[in-house]
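To keep things clear, I will list the structure first and then write my remarks on it.
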Amino acid sequence: MRFTDFDTRGYPTVDVRTGYAGWVGTYEDTVQDAMDIALLDRLSEPSWSTVDRAVDLGCGTGRTGKWLRDNGVRAIDGVDLTPEMLAVAAGRGAHDKLVEADVTDTGLPAGGYDLLIASLVDEHLDDLRPLYAEAARLAAPGAVFVLVAFHPQFMMVSGMPTHYTDEGGEHVAISTNVHLVSDHVTAGLAAGWRLAEMRERLIDEEWVALKPKWRRYAGQPVSAAYVWRRV
């Protein structure tokens with residue numbers, strides 16, 4: 001679904017690689033753990049400490065990779081499209097290997113991972129099916145795929161694209177798409193995944209404390225986590 005149908009900001013828009021290269025210097029100060037890490041904390045599965053090998057799809061600066069390490073995941077590979085983000089992730093040291101590649105075509109060997117995770121990536125994809133298919137290709141038997149996403153309802157209500165402020169103080173949007181919950185379910189089932197758990201995060205008082213201007217969105221779902229198991 002085209003985000004332009006809901007866009008209320010009208011920021012100039014750049015592609016994903018250009019956008020994250022421009023955002024890298026302030027990314028860690030901008031993205032709140034309440035959006036994604038808080039949802040990972042609330043999942044009842046998988047048992048993170050039993051994971052032998054994980055792949056972090058769209059690993060960015062390594063925020064998710066560090067959380068996985070802190071929660072007992074023993075080996076983690078990371079994939080990202082943007083060299084500048086990978087350089088920050090390398091400095092953080094949470095990953096065993098980092099690969100510059102598209103999350104839908106990683107080039108990694110098939111069947112090598114018992115956990116696959118993608119956080120705040122899907123809104124940059126025109127079509128979800130290649131991501132779910134690539135995750136299925138990489139998955140070992142019985143693997144789990146955890147995907148954390150902006151909630152489509154929030155994107156529609158707020159009219160706000162993924163964006164950052166450049167060095168000149170201007171707001172710049174990164175190519176953004178809206179994917180319905182049904183789009184995730186359709187793509188996941190088609191790739192041979194079974195939905196095991198789903199959690200949604202609402203704009204609550206914690207969020208309002210972080211972003212006071214978001215009080216007008218109180219009670220709206222802002223993000224969602226899907227837990228898939230390989231059929």
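To convert, note that position 193 of the sequence shown is 193 in the UniProt record's numbering; the numbers rise steadily by one, no gaps.
Glycine included, C-beta positions come from ideal geometry on N, C-alpha and C.
DSSP, read as helix, strand or coil, puts I37 in helix. Scanning its chain for C-beta atoms nearer than 7 Å, with the 5 sequence neighbours on each side dropped, one finds around T82 the residues R17, Y20 and A21, in chain order.
In the DSSP annotation of this structure, the continuous segment of the alpha helix (DSSP H) that includes S182 starts and ends at V181 to A190. The three-state reading of DSSP puts V148 in strand, counting E and B together.
The residue from V227, R2, R9 and T4 with its alpha-carbon nearest to that of S119 is V227. Straight through space, the alpha carbons of Y113 and A54 are spaced by roughly 5 Å.
Each residue's CA atom was taken as its position, placing D204 and A224 some 14 Å apart.
Measuring C-alpha to C-alpha distances from D41 to each of P221, Q220, E200 and A209 identifies E200 as the nearest.
Annotation: the continuous beta strand (DSSP E) that includes V172 extends over H171 to I174. Our two residues, W23 and A143, have alpha carbons roughly 32 Å apart in a direct line.
For E167, no alpha helix (DSSP H) segment is defined, and its DSSP state is neither H nor E. Counting along the chain, no alpha helix (DSSP H) covers D77; the unbroken beta strand (DSSP E) around it starts and ends at A75 to D80. In the structure shown, L116 falls within a strand segment according to DSSP collapsed to helix, strand and coil.
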